[in-house]
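Numbering-wise (our numbering), the sequence shown opens with residue 2 and increments by one. Don't be surprised by glycine CBs; every beta carbon is placed ideally from N, CA and C. Notes for the one structure printed next.
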Amino acid sequence: MVTEVDIDSTRVFLNYGQTHIEIPAEAEHLVFYISSLNHLDASKVCFAYRVKRTGREEWTYLPVGINVIHLSNLSKGEYTLEVKTTNEHGKWNEGEVVLSIEKLPVWWETWWAWMLYLLLAAGMLTLGIHYNLKQKEKKHLEEMEQRLTDMKFKFFTNISHELRTPLTLIITPLDSIVNAMVECDTKRKLEAILGHAKELLEMINNLLSFRKLEMGMMKLNLRYGELNEFVTQACESFRPIYEKKGLTLHYTPNPTPLNFYFDKNIVHHILFNLLSNAHKFTPTGGNVAVSVTKLASGMVNIEVADTGVGISKEQQKHIFERFYQSDSGSAYSNNGSGIGLNMVSEMVNIHGGTVSVESDIGEGAVFTVKLPWRIKKEEPQKISKENTNAKKEQEKVATEKVGNMPQTDGRFCVLVVEDNDEFRQFIVDELKSEFHVIQAANGKEGIEIAEAEQVDMVVSDVMMPVMDGFEMCKKLKGNDKTSHLNVILLTARSGQESELEGYHCGADYYITKPFSMDILKSKIRQVETQQKERRQELLKHLENPDVDTLFTSDIENQFVKKILDLLDQNIDDCDYGLDELSSDLCMSYITAYRKIKSLTGQAPGEFIRNFRLKRAAQLLRSTSTPVTEVAIAVGFSSASYFTRSFLKEYGMPPSDYRKKIQKGEKEDDDKMATGE
């Protein structure tokens with residue numbers, strides 16, 4: 002029988018007849034002591050044992066006289082230890098001693114632990130389902146809220162767009178009336194009306210910009226410019242409303258010009274909102290100071306300080322949050338929309354800068370905007386013979402392309418579209434002595450010719466087979482290739498409805514049949530004169546043209562603006578020519594050539610070169626950058642070629658031009674100093 006067990010050196014005695022023992026989970030080494038019932042001669046007794054469930058179920062025979070069984074590292078579970086013995090004569094007894102051994106599991110493997118695991122899993126599953134349902138509900142509510150917000154923004158955006166047109170129609174003629182009037186009470190009242198209308202238009206533009214921010218559609222559009230003058234213009238636009246409220250507006254520019262790359266639209270909105278905020282929260286008799294400084298850290302500092310009611314420390318934590326409104330200004334003005342300063346923060350972030358505020362109640366507020374100083378600097382390079390040859394080869398290919406285009410005789414080109422052969426020929430005969438005239442028999446044919454030929458304007462009948470004049474006019478104005486063409490519609494249909502339909506289709510003039518040929522010729526001459534004036538205006542003010550009002554068509558204004566933006570963005574790329582420009586405009590080479598030539602009166606290569614020279618002249622006037630670096634900055638890889646081109650355009654080398662400008666400025670300063 003098994004009399005005792007050592008469990009990791011701890012002795013446990015078994016009761017007589019005990020057939021079961023539990024072993025702790027942490028036990029590793031077991032020693033079982035066996036005793037024979039034959040006490041006559043124990044030294045001659047031999048023992049054998051086997052342990053079932055260990056995989057060693059064959060008998061293990063111990064040496065004579067050894068009564069100790071060693072077991073180690075039993076895993077949890079039930080085991081059966083069987084022991085048999087011999088008598089003093091060496092004969093094995095038939096009876097076997099059986100001891101059931103149960104190795105207990107560790108606590109985390111017990112049944113109650115598994116129950117706990119099951120409960121925890123069930124609890125987590127329940128929580129997970131509950132959380133998922135809550136998240137779905139929250140997401141649904143957020144989507145509903147977002148949809149409502151989008152609907153509200155869309156509504157206000159649509160309203161804003163609708164308001165812009167009548168406001169523009171109020172501002173434009175009112176501006177003309179005010180400019181034409183002599184100083185009087187009526188003029189001052191009209192100026193006040195004009196100022197409020199412009200302020201309202203700016204607020205509407207602000208709302209549209211906010212919508213762009215909401216939709217993530219506002220992108221950074223860096224353009225090279227001078228910040229001091231830009232801020233001056235912004236301050237001057239606010240001066241009348243500041244003076245009306247009895248506020249003093251001071252502006253301190255940076256001592257030297259700040260020519261670098263910044264987004265003019267974004268900076269304009271930042272200044273508008275900060276100056277509007279200062280105007281709103283500064284009481285009558287107060288001061289607002291604007292300053293611009295270049296910091297040693299490589300940032301440009303724009304500061305707007307007022308002597309207004311101030312902002313508490315607690316409110317400063319939320320002042321740039323969307324729809325947050327400070328209570329501090331309630332004594333002086335109505336609360337605003339709560340989006341102005343949030344727009345400032347968002348736009349400054351887009352520009353890669355920072356905005357901060359310092360203030361206390363009753364001590365005014367100082368808003369500081371820091372924008373990164375961005376300016377391209379390149380080492381002067383000399384053009385190689387290979388580059389020169391490549392440039393000549395490009396010009397040769399471009400010349401061949403242009404040579405293959407349909408050519409006119411240099412006169413103003415008029416396309417006459419009329420289905421009646423006799424009447425069409427009559428018009429052609431009347432016009433051909435003064436203009437280059439080509440003809441088409443219907444609207445469809447007219448569109449095809451307008452796209453293929455170098456046409457300046459279209460004179461068309463309205464009632465025609467295949468495609469009438471209204472449809473043709475609509476397609477011409479909606480096509481990038483032909484949207485710049487002026488259209489005169491000729492029709493036998495009288496009445497305002499027919500005339501309005503023509504103008505809705507994009508017609509520039511509408512003449513009712515029968516008509517005087519002198520009137521038609523006069524209209525064509527008028528269009529030709531306007532085209533020449535627009536070209537001269539564009540070339541004259543190429544450095545900073547008012548592209549939004551240069552052309553009568555918004556499409557053309559946008560097209561020219563896009564060209565100038567692309568040239569500005571690639572100003573330092575000497576290889577950027579019509580091939581690259583037409584690709585960026587998503588146009589064929591021929592279409593881009595024809596359209597640019599029609600709008601500017603110059604071949605694209607000449608126009609691009611003049612644009613670079615205008616930018617160079619601007620840099621020479623406003624900076625002390627060496628001439629060689631100026632040449633590189635505006636896309637001339639050869640200083641000598643730049644000098645020759647500049648000499649041809651301005652009648653003097655770049656260095657002499659700079660000296661002349663500096664000398665003129667010095668003479669002006671001397672005259673001011675002497676009081677002349």
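Which residues share a DSSP beta bridge with residue i?
i, result
"Thr-87", "Trp-93"
"Lys-295", "Val-301"
"Ile-372", "Residue identity check: residue 372 is Leu in the sequence provided, not Ile. Answer is Val-301."
"Asp-78", "Per the sequence presented here, residue 78 reads as Gly, with Asp not at that position. Gly-78 pairs with Lys-104."
"Leu-51", "According to the sequence provided, residue 51 is Arg. The question's Leu does not apply to it. Partner(s): Glu-83."
"Asn-260", "Glu-227"
"Tyr-62", "Ala-49"
"Val-367", "Ala-306, Glu-359"
"Ala-290", "His-251, Ala-306"
"Ile-160", "Bridge partners of Ile-160: none, in fact."
"Tyr-511", "Leu-490"
"Thr-11", "Ile-8"
"Val-467", "BP columns for Val-467 are empty, so no partner."
"Val-99", "Glu-83"
Tell me which residue opens and which closes the beta strand (DSSP E) that residue i is part of.
i, result
"Met-458", "458-462"
"Ala-441", "437-441"
"Asp-7", "3-8"
"Asn-571", "From DSSP, Asn-571 is part of no beta strand (DSSP E); its letter is neither H nor E."
"Asn-68", "Unbroken run through Asn-68: none, as it is neither H nor E."
"Leu-491", "487-492"
"Phe-33", "30-35"
"Ile-24", "21-24"
Hey, quick one: how far does the alpha helix (DSSP H) through residue i stretch, first residue to last?
i, result
"Val-345", "341-351"
"Thr-592", "590-601"
"Cys-474", "470-478"
"Val-628", "628-634"
"Thr-644", "640-651"
"Asp-420", "No alpha helix (DSSP H) contains Asp-420, which DSSP labels as neither H nor E."
"Phe-273", "265-282"
"Arg-616", "605-623"
"Ile-448", "444-453"
"Glu-315", "314-317"
"Glu-581", "579-585"
What's the call for residue i, buried or exposed, on a 16-neighbour Cβ count within 10 Å?
i, result
"Glu-347", "buried"
"Asn-335", "Low local confidence applies: a pLDDT of 41 at Asn-335 is under 50, so the model's placement there is unreliable, and no value is given."
"Arg-616", "buried"
"His-352", "buried"
"Met-152", "exposed"
"Asp-670", "At Asp-670, the pLDDT of 49 sits below 50, so the modelled position is not reliable and the matter cannot be decided from this model."
"Glu-394", "Caution applies to Glu-394, whose pLDDT of 44 falls short of 50 and renders its modelled position unreliable; the model cannot decide the point."
"Cys-587", "exposed"
"Gln-147", "exposed"
"Arg-613", "buried"
"Lys-245", "exposed"
"Ile-525", "buried"
"Gln-234", "exposed"
"Val-398", "For Val-398, the predicted structure reports a pLDDT of 43, less than 50, and the residue's modelled location is therefore unreliable. The matter cannot be settled from this model."
"Cys-185", "exposed"
"Val-232", "buried"
"Val-349", "buried"
"Pro-381", "Unreliable placement is indicated for Pro-381, whose pLDDT of 33 sits below 50; no coordinate value is reported for it."
So is the beta-carbon of residue i under 8 Å away from any non-hydrogen atom of the ligand FMN?
i, result
"Lys-155", "Inclusion of the ligand FMN in the displayed structure is not the case, the ligand content being empty and no account of it being possible."
Run through the segment 168-248 for me and flag every whole alpha helix (DSSP H) of 4 or more residues, listed as ranges in chain order. 186-216, 228-246
Tell me, please, whether the segment 68-86 touches the segment 111-119 by the rule of three or more beta-carbon pairs shorter than 8 Å. In this structure the segment 68-86 does not lie against the segment 111-119, because fewer than three pairs of beta carbons, one per stretch, are closer than 8 Å.
Three or more C-beta pairs closer than 8 Å, one from the segment 286-298 and one from the segment 252-259: is that the case here? yes
Kindly confirm or deny that the segment 88-97 and the segment 119-127 touch, where touching means at least three C-beta pairs closer than 8 Å. No, the segment 88-97 does not touch the segment 119-127.
Pair every Cβ in the segment 619-636 with every Cβ in the segment 557-576, then say whether three or more of these pairs are closer than 8 Å. Short answer: they touch.
At least three beta-carbon pairs within less than 8 Å, the segment 461-474 to the segment 433-440: no
Three CB pairs or more closer than 8 Å across the segment 481-492 and the segment 619-627: no
Taking 8 Å as the threshold, find out whether the segment 596-610 comes into contact with the segment 525-539 through three or more Cβ pairs. yes
Tell me, please, whether the segment 58-77 touches the segment 16-35 by the rule of three or more beta-carbon pairs shorter than 8 Å. yes
Validate contact between the segment 352-361 and the segment 297-315 using beta carbons, cut 8 Å, 3 pairs: yes
Assess contact between the segment 257-268 and the segment 179-193, defined as three or more Cβ pairs (one per stretch) separated by less than 8 Å. Is contact present? Too few Cβ pairs lie closer than 8 Å, so no.
For the 8 Å Cβ check, are there 3 or more pairs between the segment 133-143 and the segment 172-184? no
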